[in-house]
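Residue numbers 509 to 884, in my numbering, belong to the letters of the sequence shown in order.
Reading through the structure tokens given below for one structure.
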Amino acid sequence: MVTLKGMTWDHPRGFDPMVATSESFKKKHNNFTSITWDKRPLQAFADRPIEEMTEDYDLIVIDHPHVGEVAVNGLLDYFDKPQYFDQLSKLKKESVGNSHQSYFINDHQWALAIDAATQVSVFRKDLINFLPSSWNELVELAKNKKILWPLKPIHAISSFYSICNNIDKPFNSNLREFVNKETTIRTLMMMKEIVKHLPNECLQMDPIQTCEYMAENNDIFYCPYIYGFSNYSRNGFKKNVLQFSNVMDLKGNGPVGTQLGGTGIAVSKTSSFKEEAFEYALWVASSDCQKNIYYKNGGQPGNAVAWEDKIINKETNNFFSGTRDTLEGAWIRPRHNGYMKFQDLAGDIINDFLKNNFNEKDIYDKLNHEFKKSFI
């Protein structure tokens, strides 16, 4: 009997499909190979170093900014081995936007995209008459107390990037310079203009809390930047259905530049059952699994075949087709070793700015200073 251990994140979207697919995998192997899953809170998912988990788990669900740390420290095994080349080639073609590519760094594929997401917008179709198409229209909705916006530190930096990349050229971190000063200041001012009309709770909210509130109450109509959760677009998941859509086009270039999210499945370097772990990971990322058992058990697929499935879109009130343009134009975060520490610091800096009367130029100087330090 072979027993693997896996770690994922604590939400029906993150946990339930892993349990269901593992049960199917076990039956496929005549009950000889089993996988048990643990889960960690969403914030720990973003923050907890991978090196703290590789000794205990064979399979780890990660997000792509960690791959710089992975590549430098050799914490995970890579998928680009000769026996998997054909499967990897197929998965790359079936990627939604840059989901698959986001786990490729230093000439290796460190994880496979099993969940695709980016910041999109969400609204209550039964309550709102129009979707804002400009920042001024968004300000008016905020003044009328009709929007929420999750802006706890990690999501404050996410939304900051999403706006910057839409009003200017996408941020190129390879230059080792932070977003240019003019764009940073403009974006901070735009965010502050909205925040002064929002409930204070927004500055400590995450996307799940926002979706929960909007699904259970009738006073909020719209959220402009939030990681999409297709669970909330399914009939019967909560009291009310949420509709997800592309983000606003602020500069005439389309809904581009939002921060890419989603998750990938990786294999620990120390696993004693790598052959089984690779087989499971490749199967879970495949179109057949993604559009069937993975989706049917609450998963949000990372495979384009599932995103284009007519039945899936009907059952999710067109979550996938309605946000596809945004995801295709989503931006991959910096992935160098040292970025994760910067992301935490920058989120705090921007969140503090939104809470207080700080000067935008001083905030830019702090962000630029910390970003340069992250390469040392």
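For each residue, glycine too, the CB sits at the ideal point set by N, CA and C.
Beta-carbon within less than 8 Å of residue i's beta-carbon, same chain only, minus the 5 sequence neighbours each way: which residues are those?
i, result
"LEU583", "ILE558, GLU559, THR562, GLU577, SER776 and LYS777"
"PRO573", "ARG841, PRO842, ARG843, TYR847, MET848 and GLN851"
"SER780", "ASP566"
"TYR802", "PRO525, ALA528, THR529, ILE622, VAL792, PRO809 and ALA814"
"ILE520", "Note that residue 520 is Pro in the sequence shown here, rather than Ile. Once the five neighbours on either side are set aside, the close Cβ partners of PRO520 are ASN739 and GLY806."
"LEU758", "SER642, TRP643, ILE671, ASN674 and ILE675"
Starting from the C-beta of residue i, find all residues in its chain whose C-beta is less than 7 Å away, skip the five residues before and the five after it, and write them out in chain order.
i, result
"GLY855", "PRO661, ILE662, ALA664 and ILE665"
"GLY765", "SER670, ASN673, ASN674, PRO678, GLY837 and TRP839"
"GLU784", "VAL510, LEU512 and THR541"
"ALA812", "GLU602, SER603 and VAL604"
"PHE883", "ARG684, HIS844 and GLY846"
"CYS797", "THR529 and TRP791"
"GLU701", "VAL647"
"ILE693", "GLU868, LYS869 and TYR872"
"GLN617", "TYR586, PHE587, ASP588, LEU596 and TYR611"
"ASP518", "LYS547, ARG548, PRO549 and LEU550"
Going by the CB atoms, is the gap between residue j and residue i shorter than 8 Å?
i, j, result
"ILE840", "SER642", "no"
"MET954", "GLU868", "Residue 954 lies beyond the residue range present for the chain, which begins at 509 and ends at 884; the question has no answer from this structure."
"TYR740", "PHE631", "no"
"ILE570", "THR771", "yes"
"SER670", "VAL749", "no"
"ASN845", "VAL580", "yes"
"ASP566", "LYS513", "yes"
"THR529", "PHE523", "no"
"GLY810", "ALA624", "yes"
"TYR659", "LEU862", "The question names Tyr, but residue 659 is Leu in the sequence shown. Yes. Within cutoff."
"LYS782", "ASP615", "no"
"GLY760", "THR626", "no"
"PHE668", "ILE871", "no"
"GLU724", "LYS747", "yes"
Classify residue i: buried if its beta carbon has 16 or more other beta carbons within 10 angstroms, exposed otherwise.
i, result
"VAL628", "buried"
"PRO525", "buried"
"GLN591", "exposed"
"LYS804", "exposed"
"PHE540", "exposed"
"GLY830", "buried"
"ASP817", "buried"
"LYS799", "buried"
Under 8 Å by Cβ, that's how I've got residue i and residue j pegged, so tell me the actual separation to the nearest angstrom.
i, j, result
"PHE737", "PRO715", "6 Å"
"ILE819", "ILE622", "Contact doesn't hold; Cβ gap of about 20 Å is too wide."
"CYS710", "TRP657", "5 Å"
"PHE827", "PHE752", "5 Å"
"THR824", "ARG742", "6 Å"
"TYR735", "ILE728", "Not a contact, Cβ separation roughly 17 Å."
"PHE866", "ASP873", "Incorrect: roughly 11 Å between the Cβ atoms, too far for contact."
"PRO763", "ILE655", "About 18 Å; that fails the 8 Å criterion."
"LEU596", "ASP588", "6 Å"
"LEU635", "ASN726", "6 Å"
"TYR788", "PHE533", "5 Å"
Can you find the residues in the same chain that come closer than 6 Å, C-beta to C-beta, to residue i, ignoring five residues on each side of it along the sequence?
i, result
"LEU676", "One point to set straight first is that residue 676 is Asp, not Leu, in the sequence displayed. Around ASP676: THR691."
"LYS689", "TYR872"
"LYS633", "GLN751"
"ILE543", "LEU512, GLY514 and SER530"
Tell me, please, whether the CB atom of residue i is closer than 8 Å to any CB atom in chain B?
i, result
"THR544", "Given the protein chain composition of this structure (a single chain), no chain B is represented."
With a threshold of 7 Å, establish whether the CB of residue i neighbours any heavy atom of the ligand SAM.
i, result
"PHE540", "In the structure on display, the ligand SAM does not appear, and there are no ligands present to speak of."
Item to check | Touching by the beta-carbon criterion (3+ pairs, under 8 Å), the segment 825-841 and the segment 599-615 | outcome: yes
Item to check | contact_flag[the segment 870-879, the segment 679-698] where n(CB pairs < 8 Å) is 3 or more | outcome: yes
Checklist entry - Are the segment 529-548 and the segment 642-651 in contact at 8 Å, needing three or more beta carbon pairs? => result no
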